[in-house]
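Residue numbers (our numbering): -6 to 362. Just so it is clear, CB atoms sit at the ideal spot from N, CA and C, and this is done for glycine as well.
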C-alpha cells in the first residue's frame, strides 16, 4: 500500500515455514523460482521483523529490494532527520527559554496551590527578565493573610515559591473531629476506643453521617473533649438495575465497511488514500501507529475504519433471556465490592410492566471501618 519489500530467499522446505510466517506477516506474490529458491513480497513496515524471522529459520537472503512511497520517502529525508531535529530544537529553545513554564509551590497546607499560581500569573509577567522576585514575595505576603513567610526564586524555567503558613488557634491547641461513616449501610458491630457513639447496632446510616462524637461525660457530668476513635462493622448494600424491553430497536453493524489511511507529520496529513462511502448510519474506529521508531521525525499512520450500521427491531421476551439479564445485573452490582470473600448475601427482585421487566439486584457486603 505505502511500500513493500521483495525478498529472494534460498533454502529448502520453504512451504512448511510459510504456513507459520503467514500467520505473523502479510505475504504475497510468492514465486517458486527453483527447488531451493523463492521470491516473495511483504509490507515495508514489517520488512525488518520478517527478515529477522527468516534468518532465524536458517534461510539465506540473496536479494532484498524496497519499492513504494515509504522507502523512497525515508531514503530522501532520512539523512536530513538529525539536522532538521537539531535545528528545530535549537529554534524552540531560543524562543521559549526566556519564559517561565512551571510553578512549584512548597510548604502550603491549607492554602490552595492553584490559587497562588493563578495570582502570580495574573499579576506578573511570565518573562523571566521582567520579573522582580522581591515584588512577587511582597504581593503574596500582602494578599494572603495566612502566609507568615514567603521566598521566591527562579530556577531554569521554573518559579519556586516557598512559604510558611500562620498557625491558627485551632491548630495550636488541637481540634478533635468526629468519626464519620464511609459507607451507606447497616451497623452490625461497634468497638469504641474513645469518644461517644451516637448510633447503635441495627441502625441504618448514610455515607457522611456522624458515628462517634469527640467527647465523653466524666463522673461529674462534665463534657471532656477527646480524640474520637472507634471501629464499625457494617452491611453495605450495592444495587444495580436493568430494564429489559420485549420489543426494542437496536443499532447493529451490517458487515460492510471501508478504510481510510493517512500518513501524518506533526499533526498534518501528507498522504491519504481510501474512498468515502456515504452510509446513512455509521460508526468509526481510529487507530494510530508509529511508522518508524528510530526516525526523529514522528511519522504516524492514522487508520480510520468506517462501519455501516442499520436499525434492527428485536422481539425477545424476558423469559427467553432472563438468566442472561439477571447475570448482567449481578455483574453490575458487584463492581463496587472489595472482594467476593466479603459478600454475605445477595438477592434480586423483578418488576413486570406492559412490554418490559426491571431486574433489581442487591449484593450485601460486610465492611469494617
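Checklist line | Three or more C-beta pairs below 8 Å linking the region 302 to 318 and the region 227 to 240 | finding: yes
Note to self: If I measure Cβ to Cβ from residue 217 and keep anything under 8 Å in the same chain, skipping five residues before and after, which residues do I get?
What the structure shows: Numbered from its first residue, the chain shown carries residue 217 at position 224. For residue 217, where only same-chain residues beyond five positions count, the Cβ hits under 8 Å are 208, 209, 210 and 211.
Note to self: Buried or exposed, going by whether 16 or more other CB atoms sit within 10 Å of the CB of residue 42?
What the structure shows: As a first step, residue 42 must be located in the chain shown, where it is residue number 49. Residue 42 should be labelled exposed.
Notebook entry, point to check: When the Cα of residue 230 is compared with those of -1, 33 and 359, which residue comes out closest?
Noted result: For this step, residue 230 is matched to residue 237 along the chain shown. Minimum Cα distance to residue 230 is reached at 359.
Notebook entry, point to check: Using DSSP with H/G/I as helix, E/B as strand and the rest coil, what is residue 358?
Noted result: Stepping through the chain shown from its first residue, residue 358 is reached at position 365. Residue state, collapsed to three classes: strand.
Margin query: According to DSSP, is residue 332 part of a helix, a strand, or is it coil?
Written below: Taking the first residue of the chain shown as 1, we reach residue 332 at position 339. Three-state result, residue 332: coil.
Next item on the list: Return the bridge partner residues of residue 254 from the DSSP annotation.
Entry: The count along the chain shown starts at 1 and reaches residue 254 at position 261. DSSP output for residue 254 lists 266 and 296 as bridge partner(s).
Note to self: Here's the rule I'm using: 16 or more other beta-carbon atoms within 10 Å means buried, otherwise exposed. How should residue 320 be labelled?
What the structure shows: Your numbering for residue 320 matches position 327 in the chain shown. Looking at its Cβ environment, which holds fewer than 16 other Cβ atoms inside 10 Å, residue 320 is exposed.
Margin query: Just to confirm before moving on: does the CB-CB distance between residue 109 and residue 117 stay below 8 Å?
Written below: Working through the chain shown from its first residue, we reach residue 109 at position 116. Working through the chain shown from its first residue, we reach residue 117 at position 124. For residue 109 and residue 117, no; Cβs fall outside 8 Å.
Margin query: Bridge partners for residue 187 per DSSP, in chain order?
Written below: By 1-based counting over the chain shown, the position of residue 187 is 194. Partner(s): 222.
Margin query: Three or more C-beta pairs under 8 Å: does that hold for the region -2 to 16 against the region 54 to 64?
Written below: yes
Notebook entry, point to check: Which two residues bound the contiguous beta strand (DSSP E) that contains residue 0?
Noted result: Counting from 1 along the chain shown, the entry for residue 0 is found at position 7. Looking at the DSSP string, the run of the beta strand (DSSP E) that includes residue 0 is -3 to 3.
Check: Would you say residue 355 and residue 333 are within 8 Å of each other, going by their C-beta atoms?
Finding: Locating residue 355 in the chain shown gives position 362, counting from the first residue. Locating residue 333 in the chain shown gives position 340, counting from the first residue. Not a contact, by the Cβ cut-off of 8 Å.
Notebook entry, point to check: In three-state DSSP terms, what is residue 315?
Noted result: As a position in the chain shown, residue 315 is number 322, starting the count at 1. Helix, per DSSP.
Check: Nearest to residue 364 by CA position, among 173, 276 and 223, is which residue?
Finding: As displayed, the chain neither begins before -6 nor continues past 362, which places residue 364 out of reach and without an answer.
Margin query: Taking the alpha-carbon of residue 50 as reference, which of 25, 27, 5 and 39 has the nearest alpha-carbon?
Written below: Stepping through the chain shown from its first residue, residue 50 is reached at position 57. Ranking 25, 27, 5 and 39 by Cα distance to residue 50 puts 5 first.
Item checked: Meets three-Cβ-pair contact criterion under 8 Å: the region 51 to 60 and the region 14 to 22 -> no
Next item on the list: Would you mind reading off the limits of the beta strand (DSSP E) that contains residue 142?
Entry: On the chain shown, position 149 is the one that residue 142 refers to. Residues 140 to 148.
Item checked: Nearest candidate by alpha-carbon position, reference residue 281, set 293, 274 and 273 -> Mapped onto the chain shown, residue 281 falls at position 288. With distances taken between Cα atoms, residue 281 lies closest to 293.
Check: Considering only the beta carbon of each residue, do residue 154 and residue 99 sit closer than 8 Å?
Finding: Reading the chain shown from its first residue, position 161 is the one you call residue 154. Reading the chain shown from its first residue, position 106 is the one you call residue 99. Yes, Cβ-Cβ distance for residue 154 and residue 99 is below 8 Å.
Margin query: Can you look up residue 284 in the DSSP assignment and give me helix, strand or coil?
Written below: Here residue 284 is taken as the residue at index 291 of the chain shown, counted from 1. Looking at residue 284 - three-state DSSP - the assignment turns out to be coil, as it is neither helix nor strand.
Item checked: Host beta strand (DSSP E) of residue 205 (start-end) -> Start at 1 with the first residue of the chain shown, and residue 205 comes out as number 212. Per DSSP, residue 205 belongs to the beta strand (DSSP E) from 203 to 206.
Next item on the list: In angstroms with no decimal places, state the Cα-to-Cα distance between residue 102 and residue 170.
Entry: Here the question's residue 102 lines up with position 109 in the chain shown. Here the question's residue 170 lines up with position 177 in the chain shown. Spanning the two alpha carbons is a distance of roughly 18 Å.
Margin query: Classify residue 190: buried if its beta carbon has 16 or more other beta carbons within 10 angstroms, exposed otherwise.
Written below: Position 197 of the chain shown, counted from the first residue, corresponds to residue 190. It counts as buried.
Item checked: Proximal residues to residue 268 (C-beta, below 7 Å), its chain only, five neighbours per side dropped -> Counted from its first residue, the chain shown places residue 268 at position 275. These residues qualify, in order along the chain: 251.
Item checked: Start-to-end residues for the alpha helix (DSSP H) that takes in residue 327 -> Counting from 1 along the chain shown, the entry for residue 327 is found at position 334. That residue, residue 327, is in no alpha helix (DSSP H); it is neither H nor E in DSSP.
Notebook entry, point to check: Are the beta-carbon atoms belonging to residue 33 and residue 54 less than 8 Å from one another?
Noted result: Locating residue 33 in the chain shown gives position 40, where the first residue counts as 1. Locating residue 54 in the chain shown gives position 61, where the first residue counts as 1. No; because the gap between Cβ atoms is not below 8 Å, this pair is not in contact.
Next item on the list: Classify residue 346 as buried or exposed, calling it buried when 16 or more other Cβ atoms lie within 10 Å of its own Cβ.
Entry: Position 353 of the chain shown, counting from 1, holds the residue named residue 346. By the neighbour-count rule (16 or more Cβ atoms within 10 Å), residue 346 is not buried but exposed.
Item checked: residue 234 and residue 350 closer than 8 Å at C-beta -> Sequence index remark: in the chain shown, residue 234 carries index 241 (1-based). Sequence index remark: in the chain shown, residue 350 carries index 357 (1-based). No, the pair does not count as a contact, with Cβ atoms beyond the cut-off.
Margin query: Just to confirm the assignment, what range does the beta strand (DSSP E) spanning residue 111 have?
Written below: Working through the chain shown from its first residue, we reach residue 111 at position 118. Per DSSP, residue 111 belongs to no beta strand (DSSP E); it is in the alpha helix (DSSP H), 106 to 116.
Margin query: My output table needs one value for residue 215: the three-state DSSP class, helix, strand or coil.
Written below: Reading the chain shown from its first residue, position 222 is the one you call residue 215. The answer is coil: DSSP assigns residue 215 none of H, G, I, E or B.
Checklist line | Among 232, 111, 90 and 87, nearest to residue 97 - alpha-carbon criterion | finding: Here residue 97 refers to the residue found at position 104 when the chain shown is read from its first residue. That would be 111, whose Cα lies nearest to the Cα of residue 97.
Next item on the list: Pull up the distance between the alpha-carbon of residue 270 and that of residue 29, whole angstroms please.
Entry: Residue mapping note: residue 270 aligns to position 277 of the chain shown, counting from 1. Residue mapping note: residue 29 aligns to position 36 of the chain shown, counting from 1. Going from the Cα of residue 270 to the Cα of residue 29 covers about 46 Å.
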